[in-house]
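In the numbering used here, the protein residues as written are -11 to 322. C-beta: ideal position from N, C-alpha, C; glycine also.
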């Protein structure tokens, strides 16, 4: 009789072990499978030039998605990142343009000032949203939707609806330069990833973020300043949006008022595909980075195969829905 009772127990353990393996490494296996399929489908996919192109395409979305991870871990959402990208890119570019009609009086200024301006614009936008969400208890969806519209309007007002061309070579280097053959946007993504991983995995602030996302009421009862933590994650998201905006302007050689449209969708997709729960408290920036790479690899592979971009949007939507369905199933099983 004991052998009969032990058999279901063994099966349960095996099933549970398999489930844990899928949850822990499923995103990595999915990424490797996608790379393998595209490598067989197209001989140019694994060439050094194309790999560099994929990493460049992924860099901006990866930076935005890492900032989005901080927000979603606290049960929030940030729909404003695309508009903040455009505004920060426009403001920073106006400090380093050689065009008298596009810059501010006395431009071009030192690059450090332009970089500071771009980051501060992102921080300011994130602080406004964070204040609205944390102090006035406005739902994050509503607050960031309002910032999406406000930041886009501010971009058009600041630039008069025109692009800012003629950026200095020094500024453009952050989007087109390289160190030891590694493109600068990829290096910046790696730095953002490393710092963010350390903050979430090794610092007290990171543990507080998970605590607030897991159970905000328990976190508040434990003495955590939930409002401050929620405020800070939107500031982080805004700062990284400012950085992404400057990289985008530097890569294209000019700041465009329509830049960043729908970037928030790709950022959210990368976070969700990477395994971060929309219910908060569960997720890692490692998964987010892999999620961003999956989107970049998928778009690049479909381009190489000559498949229209419309299908890319369909597949991306299916990935998002599928990832959320898996997340819901996982939560129900807990």
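Residue i - partner residues in DSSP beta bridges
i           : result
residue 243 : 152
residue 166 : 171
Nearest candidate by alpha-carbon position, reference residue i, set the options
i           : options            : result
residue 330 : 51, 285, 243       : Not covered by the structure: residue 330. The range shown for the chain is -11 to 322.
residue 246 : 258, 167, 257, 233 : 233
residue 288 : 17, 30, 15         : 30
residue 48  : 88, 304, 250       : 250
residue 81  : 68, 97, 70, 67     : 97
residue 241 : 139, 144, 153      : 153
residue 303 : 313, 315, 286      : 286
residue 323 : 252, 12, 290, 15   : No answer is possible for residue 323: it lies beyond the span of the chain, which begins at -11 and ends at 322.
residue 18  : 178, 204, 200, 283 : 283
residue 12  : 174, 278, 301, 310 : 278
residue 133 : 145, 114, 146      : 114
residue 41  : 26, 88, 156, 174   : 174
residue 22  : 307, 202, 178      : 307
residue 14  : 261, 317, 291      : 261
residue 54  : 264, 293, 298      : 264
residue 181 : 296, 93, 150, 273  : 273
residue 270 : 139, 305, 92, 57   : 57
residue 275 : 300, 296, 294, 185 : 185
residue 309 : 105, 297, 266      : 266
residue 149 : 117, 163, 90       : 90
Assigned secondary structure, residue i (DSSP; H/G/I helix, E/B strand, else coil)
i           : result
residue 213 : coil
residue 191 : coil
residue 56  : helix
residue 85  : strand
residue 203 : coil
residue 287 : helix
residue 135 : helix
residue 270 : coil
residue 12  : helix
residue 158 : helix
residue 317 : helix
residue 35  : coil
residue 63  : coil
residue 264 : coil
residue 249 : coil
residue 293 : coil
residue 225 : helix
residue -10 : Here the model assigns residue -10 a pLDDT of 44, short of 50, so the residue's position is not dependable and the matter cannot be decided.
residue 92  : coil
residue 49  : helix
residue 97  : coil
residue 68  : coil
residue 41  : helix
residue 237 : helix
Cutoff 6 angstroms; reference residue i; Cβ partners in own chain excluding five residues on either side
i           : result
residue 342 : Because the chain here runs from -11 to 322, residue 342 falls outside it and cannot be looked at.
residue 204 : 214
residue 142 : 75
residue 34  : 27
residue 237 : 77, 81, 243
residue 146 : 78
residue 43  : 174
Sequence-distant residues of its chain with Cβ nearer than 7 angstroms to residue i (five each side left out)
i           : result
residue 121 : 64, 128, 131, 218, 222
residue 102 : 80, 83, 84, 159
residue 144 : 245
residue 62  : 197, 200, 201, 217, 218, 221, 268
residue 59  : 65, 66, 221, 222, 225
residue 177 : 47, 50, 51
residue 281 : 19, 46
residue 107 : 227, 230, 231
Neighbour flag for residue i against chain D, beta carbons, 8 angstroms
i           : result
residue 126 : No chain D is part of this structure, which consists of one protein chain only.
Cut-off 8 angstroms between Cβ atoms - residues of its own chain near residue i, not counting five sequence neighbours on either side
i           : result
residue 196 : 207, 212, 217
residue 99  : 84, 156, 158, 159
residue 38  : 32, 288, 292
residue 167 : 175
**Request:** Report yes or no: do three or more beta-carbon pairs, one from the stretch 220 to 234 and one from the stretch 67 to 76, lie closer than 8 angstroms?
**Result:** yes
**Message:** So, does the stretch 184 to 195 touch the stretch 252 to 259, judging by three or more C-beta pairs under 8 angstroms?
**Reply:** no
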